[in-house]
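Enquirer: Residue numbers (my numbering): 15 to 102.
All C-beta atoms, glycine included, are put in the ideal place defined by N, C-alpha and C.
What you are looking at is a predicted structure, and each value in this text was computed from that prediction instead of being measured.
Before I ask anything, let me first share the structure, which is written out below as structure tokens.
What follows is the structure, encoded as structure tokens:
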């Protein structure tokens with residue numbers, strides 16, 4: 015986990031176990047550019063898992079270059095983090 019991701023987790027009250035749950039149960043994985051991907055649990059799957067109410071509302075940005083978590087961010091709508099655009 016990058017230093018930035020660690021700070022974001024602290025600021026957002028996100029524990030390591032929660033990040034692990036996102037990575038373990040993720041069913042959405044899209045490239046977003048700069049060799050990074052957005053990884054998250056869909057809201058439908060989060061409801062079925064019933065682990066944590068926030069599970070479907072957070073996403074992890076993963077760098078394939080460094081094999082580390084770049085940041086973790088809240089997802090506010092179903093647009094899958096609109097500031098991050100998919101690449102083709």
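Might you give, ordered along the chain, the residues of its own chain that have their beta carbon closer than 7 Å to the beta carbon of residue 37, omitting 5 neighbours on each side?
Expert: Here the question's residue 37 lines up with position 23 in the chain shown. Taken in chain order, the residues that qualify are 53 and 74.
Enquirer: When DSSP labels each residue in this structure, what does residue 85 get in the three-state scheme?
Expert: Taking the chain shown and counting its residues from 1, the one referred to as residue 85 is at position 71. Strand, per DSSP.
Enquirer: Are the beta-carbon atoms of residue 43 and residue 51 separated by less than 9 Å?
Expert: The residue you call residue 43 lines up with position 29 of the chain shown. The residue you call residue 51 lines up with position 37 of the chain shown. In this structure, residue 51 lies closer than 9 Å to residue 43 by Cβ.
Enquirer: Please list the terminal residues of the continuous beta strand (DSSP E) segment that includes residue 51.
Expert: For this step, residue 51 is matched to residue 37 along the chain shown. Unbroken beta strand (DSSP E) run through residue 51: 50 to 54.
Enquirer: For a test of the three-state rule: what should DSSP assign to residue 94, helix, strand or coil?
Expert: The residue you call residue 94 lines up with position 80 of the chain shown. Confidence at residue 94 is low in this model, with a pLDDT of 48, below 50, so its placement is unreliable and the value that follows should be read with caution. If DSSP states are grouped into helix, strand and coil, residue 94 belongs with coil.
Enquirer: Would residue 12 and residue 35 be called neighbours here (beta carbons separated by less than 9 Å)?
Expert: The displayed coordinates of the chain run from 15 to 102. Any statement about residue 12 would go beyond what the structure contains.
Enquirer: Starting from the C-beta of residue 95, find all residues in its chain whose C-beta is less than 7 Å away, skip the five residues before and the five after it, and write them out in chain order.
Expert: Taking the chain shown and counting its residues from 1, the one referred to as residue 95 is at position 81. Legend: pLDDT at residue 95 = 46, less than 50; position of this residue unreliable, value from coordinates given subsequently. These residues qualify, in order along the chain: 52, 73, 87 and 89.
Enquirer: Leaving out five residues on either side along the sequence, give the residues of the same chain with a beta carbon under 7 Å from the beta carbon of residue 63.
Expert: What you label residue 63 is simply residue 49 of the chain shown in a count that begins at 1. So the qualifying residues of the chain are 39 and 69.
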